[in-house]
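Novice: Got a structure for you, questions after.
Protein chains: 2
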Amino acid sequence: MIESQEFQEPLVNTEQRILDAAKLLFVQKGMDGTKMQDIADSAKISRTSLHYYFRSKQKLFEAVFYDQFDRFLPRVTKIMEQEITFEARLGQFVDKYLDLFLANPYLPNFMMNELNRDPEKMIELFAGEGLFSKRVREQVEGELRLMNPSLEASHFILNLISLCVFPFIARPMVKAFLINGEKDAFSHFIRERRAIIVDTLMCSINDAK
Amino acid sequence: MIESQEFQEPLVNTEQRILDAAKLLFVQKGMDGTKMQDIADSAKISRTSLHYYFRSKQKLFEAVFYDQFDRFLPRVTKIMEQEITFEARLGQFVDKYLDLFLANPYLPNFMMNELNRDPEKMIELFAGEGLFSKRVREQVEGELRLMNPSLEASHFILNLISLCVFPFIARPMVKAFLINGEKDAFSHFIRERRAIIVDTLMCSINDAK
DNA sequence: TATATGTTTGACAGCTCTGTCAAACAGAAT
DNA sequence: ATTCTGTTTGACAGAGCTGTCAAACATATA
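From first to last, the protein sequence lines stand for chains A and B. Mapping of the first sequence onto this note's numbering: position 181 corresponds to residue 181, and the numbering continues sequentially without gaps. Mapping of the second sequence onto this note's numbering: position 168 corresponds to residue 168, and the numbering continues sequentially without gaps.
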């Protein structure tokens, strides 16, 4: 058997084209609102071919889901382990997530939809990961206690996540009302937020009231 | 014709029972994921009766939608017009929204789903209302400029909305990881947030860096 | 009692969606 | 040329969902 790989790619990998099309449609119209025909059309293949690649709609959805989910939990341990100030670590964390969402604008919505459709599945998947892991959580609690004992870690973490994630969830709203529709205005606006989020959170810590 | 009203209500108003059931299902499973049969079962009537009350699924959905939407835009002008400090007004605003969402826990998700399903419809409906109205917006801009000229109103408003709304959108997550599943823990947690949100936002203003 | 109005239901027609199959097609290996 | 593998497609069967209709039912009025 002669090894004759790398000959595929008609124009661009069909499987990836399907995943891209499916992701977009699943996010916009939901799992049930999206028909296999829609995905096939969008990927420029026949619906039967779609079934050839992903046997069923459920399987396709799961493929899209896990593909997205894996991106959602970048290892924060690297950030946590660094011997730098709390503020610097916070900055890195915010950076990482804003960049992630800018590169994958549909990720937050996708995750929130699933969270409400099937909370138990999502909670199980999230359990012990990232900010929800015991280790990270306890470290944040310890550091916060030193700086401002009256500020509960739960609220601080929720503030952090809210400020990072919500603008993407409400993106059409932000685009329409908070920025003036210039080209690339949204990503510019988000990059401005990096410093704003860090400042806001830091001063909520330092504000020993 | 003798006026013989108020004789209906078998046990409780059927129409309202339908709306309640439909709201819950539409939020959890989406418009397309919800079948008329599901709603009928949940409201304890036959599917045909459901059609009798709301001719079509679309009409039922719209009824639910506008019923929800109307709650979503409490008149903030009353708050804006009061001659009180900025902080006091901010507090009233946060109060009003947290109470609203506590009483209608599915509202934020419902609105965000629709925002992504049909952004133009939502933007049109929101335009000029509440925080997005020109009047309110300019007042906030003016007041902020006096206190901290380097803080843009867009970011401030987005921070405010993020901190108020996101915890409800991610509610299952908050319940699972940030509070320890006690009875009424969520609403208690949210009431704690009232002061935290106001403090956080105020100190982001005062922090003239 | 008879009649009118409002409500509920079972049955049906029509449509849409999914998933399968067998056949056609393309290209590489023999 | 033919054989084999992987890909694409049209056609079909089956299931589920919506919306309508006519008939039954309940209740109040005349």
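Beta carbons are placed, not taken as given, at the ideal position from N, Cα and C, and that holds for glycine. Computed from a predicted structure; not experimentally measured.
Under three-state DSSP, which class holds LYS44/B?
Specialist: In this structure, LYS44/B counts as coil in the three-state DSSP scheme.
Novice: Select from LEU146/B, LYS35/B, ASP118/B, LYS96/B the residue whose C-alpha is nearest the C-alpha of GLY130/B.
Specialist: The shortest C-alpha separation from GLY130/B is found at LYS96/B.
Novice: If you drop the 5 nearest sequence neighbours on each side, which residues of the same chain put their C-beta closer than 6 Å to that of ALA43/A?
Specialist: If we look at ALA43/A and ignore the five residues flanking it on each side, its Cβ neighbours are ARG17, ILE18, ALA21.
Novice: Could you check if ALA170/A is buried or exposed, using at least 16 other CB atoms within 10 Å of its CB as the buried criterion?
Specialist: Its Cβ being crowded by 16 or more others within 10 Å, ALA170/A is buried.
Novice: Determine the extent of the alpha helix (DSSP H) in which GLU124/A is found, giving its start and end residues.
Specialist: Unbroken alpha helix (DSSP H) run through GLU124/A: 119-126.
Novice: Using 8 Å as the limit for Cβ to Cβ distance, is ARG117/B near chain A?
Specialist: Chain A, which has a Cβ nearer than 8 Å to the Cβ of ARG117/B, makes this yes.
Novice: Measure the C-alpha to C-alpha separation of LEU90/A and ALA195/B and round it to an integer number of angstroms.
Specialist: Cα to Cα, the separation comes out at about 23 Å.
Novice: Whose Cβ in chain A lies nearer than 7 Å to the Cβ of ARG193/B?
Specialist: Here the neighbours are HIS155.
Novice: Against chain B, does SER56/A count as a neighbour if the rule is that its beta carbon must be under 8 Å from one of theirs?
Specialist: No, because no Cβ of chain B sits closer than 8 Å to the Cβ of SER56/A.
Novice: Going by other Cβ atoms of all chains shown within 10 Å of its Cβ, with 16 needed for buried, is GLY142/A buried or exposed?
Specialist: When all chains shown are included, GLY142/A counts as exposed.
Novice: If the cut is a Cβ gap below 7 Å, which residues of chain A does PRO105/B touch?
Specialist: In chain order: nothing, as chain A lies at least about 11 Å away.
Novice: For the candidate residues ILE161/A, MET31/A, GLU81/A, whose alpha-carbon lies nearest to that of PHE65/A?
Specialist: Taking only the C-alpha atoms, the option nearest PHE65/A is MET31/A.
Novice: Measuring CA to CA, which of SER154/B, PRO149/B, LEU125/B is closest to VAL136/B?
Specialist: Per the Cα distances, SER154/B.
Novice: Say whether chain B places a C-beta atom closer than 8 Å to the C-beta of SER42/A.
Specialist: Taking Cβ atoms only, chain B never reaches closer than 8 Å to SER42/A, which makes this a no.
Novice: Which residues, taken in chain order from the region 86-106 of chain A, show a beta carbon closer than 7 Å to some beta carbon of chain B?
Specialist: Going along the region 86-106 of chain A in chain order, one finds no residue with a Cβ nearer than 7 Å to chain B.
Novice: Would you identify the three-state DSSP class for THR85/A, choosing helix, strand or coil?
Specialist: Looking at THR85/A - three-state DSSP - the assignment turns out to be coil, as it is neither helix nor strand.
Novice: Hey, does ASN13/B have any beta-carbon neighbour from chain A nearer than 8 Å?
Specialist: Taking Cβ atoms only, chain A never reaches closer than 8 Å to ASN13/B, which makes this a no.
Novice: Within its chain, find whatever has a CB closer than 8 Å to the CB of GLU192/B; leave out the 5 residues flanking it on each side and keep chain order.
Specialist: Contacts found: none.
Novice: One question on the structure: do LEU201/A and ASN159/A come within less than 8 Å of each other, judged by their Cβ atoms?
Specialist: Yes, these two residues count as a Cβ contact at 8 Å.
Novice: Along the region 11-36 of chain A, what residues have a CB closer than 8 Å to any CB found in chain B?
Specialist: Listed by position along the chain: VAL27, GLN28, LYS29, GLY30, MET31, ASP32, GLY33.
Novice: At what residues does the alpha helix (DSSP H) containing GLU141/A begin and finish?
Specialist: 134-147 is the span of the alpha helix (DSSP H), which, as asked, contains GLU141/A.
Novice: Out of LYS59/B, LEU60/B, PRO172/B, ASP99/B, state which residue places its alpha-carbon closest to the alpha-carbon of LYS121/A.
Specialist: Measuring from the Cα of LYS121/A, the nearest candidate turns out to be PRO172/B.
Novice: Are three or more beta carbon pairs between the region 33-50 of chain A and the region 160-168 of chain A nearer than 8 Å?
Specialist: Segments in contact, no.
Novice: Can you give the Cα-Cα distance for LEU144/A and ASP41/B, rounded to whole angstroms?
Specialist: The alpha-carbon atoms of LEU144/A and ASP41/B are separated by roughly 50 Å.
Novice: Check the C-beta distance from PHE72/B over to LEU107/B and give it rounded, since I have them as a contact under 8 Å.
Specialist: Indeed they touch by this definition, with Cβ atoms about 6 Å apart.
Novice: Please decide whether MET80/A counts as near chain B, where near means a Cβ-Cβ distance under 8 Å.
Specialist: It does not: the Cβ of MET80/A has no partner Cβ on chain B nearer than 8 Å.
Novice: May I ask which residues mark the beginning and end of the alpha helix (DSSP H) holding TYR66/A?
Specialist: Unbroken alpha helix (DSSP H) run through TYR66/A: 57-72.
Novice: Less than 8 Å between CB atoms is the rule here; does MET147/A satisfy it with respect to chain B?
Specialist: No, its Cβ sits nowhere closer than 8 Å to a Cβ of chain B.
Novice: I need the DSSP call for ASP20/A, collapsed to helix, strand or coil.
Specialist: If DSSP states are grouped into helix, strand and coil, ASP20/A belongs with the helices.
Novice: Answer with buried or exposed for GLN8/A, where buried requires no fewer than 16 other C-beta atoms within 10 angstroms of its C-beta.
Specialist: Reliability of the predicted coordinates at GLN8/A is poor, the pLDDT of 34 falling under 50, and the value obtained from them is presented with this limitation in mind. Under this definition GLN8/A is an exposed residue.
Novice: Could you name the residues of chain B that PHE186/A contacts, counting a contact when the two beta carbons are closer than 7 Å?
Specialist: Neighbours of PHE186/A on chain B: none; closest Cβ ~12 Å, over 7 Å.
Novice: Could you tell me how far apart the beta carbons of LYS59/A and MET36/A are, in whole angstroms, since I believe they sit closer than 8 Å?
Specialist: Actually they are not in contact, since the Cβ atoms of LYS59/A and MET36/A sit about 11 Å apart, beyond 8 Å.
Novice: Can you confirm whether SER49/B, when its beta carbon is compared against all beta carbons of chain A, has any partner nearer than 8 Å?
Specialist: Chain A, which has no Cβ nearer than 8 Å to the Cβ of SER49/B, makes this no.
Novice: In chain A, what lies closer than 9 Å to LEU73/B by C-beta?
Specialist: Those do not exist, as LEU73/B stays about 13 Å from chain A at its closest Cβ, beyond 9 Å.
Novice: Give the residues of chain A in contact with THR200/B, contact being defined as C-beta atoms less than 7 Å apart.
Specialist: Correct list: ASN159, THR200, SER204.
Novice: Under a three-way DSSP split, which group does TYR52/A fall into?
Specialist: Note: TYR52/A maps to helix in three-state DSSP.
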